[in-house]
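Report on one structure; see the data block that follows.
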Amino acid sequence: MALTMPAFLLPHTVTVKPYAGNGAYGPIFGRPFTVRRAYVEDRRRRVRATDGAETISETTVITQPGAAIPAGSEVTVWPGTPAERTATVITSSTFDHPSAPAHLEVTLT
């Protein structure tokens, strides 16, 4: 059985509108869902997007594995607070190792 990130390390809640593709009028999103166990860190860092371009990520979100949060999705962090904002997913990476907690790391604009 794989280890998962302990719930006490994931005190935040985020809302996700999963990217489903492009339509005639722009991006299409699936039904929004809430991730009740997440860790949100506002930290600026340089990341490489899925198209290979370097860009700046302002926020990193860590969740337990299982949530489908593809690049291009919209994620709302810090809901209900003055810091609430919606950002676009740059990368979504799954980390799974037999001797370390499995998790999903999502970088946001």
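The sequence shown stops at residue 369 when you use our numbering, and every number in between is there. For each residue, glycine too, the CB sits at the ideal point set by N, CA and C.
Measuring straight from C-alpha to C-alpha, what distance separates residue 278 and residue 294? 11 angstroms
Sub-8 angstroms separation of residue 317 and residue 269 beta-carbons: no
What does the Cβ neighbour count give for residue 298, buried or exposed, with the cut at 16 atoms within 10 Å? buried
I'd like to know whether the C-beta atoms of residue 335 and residue 346 end up nearer to each other than 8 angstroms. Contact flag set, yes.
For residue 309, the three-state DSSP class (helix, strand or coil): coil
For residue 261, collect the residues of the same chain with a Cβ closer than 8 angstroms to its Cβ; drop the 5 residues on either side in sequence, then sort them by chain order. Residue placement at residue 261 is poorly supported in this model, since its pLDDT is 48, which falls under 50; the coordinates still yield a value, given next. For residue 261, where only same-chain residues beyond five positions count, there are no Cβ hits under 8 angstroms.
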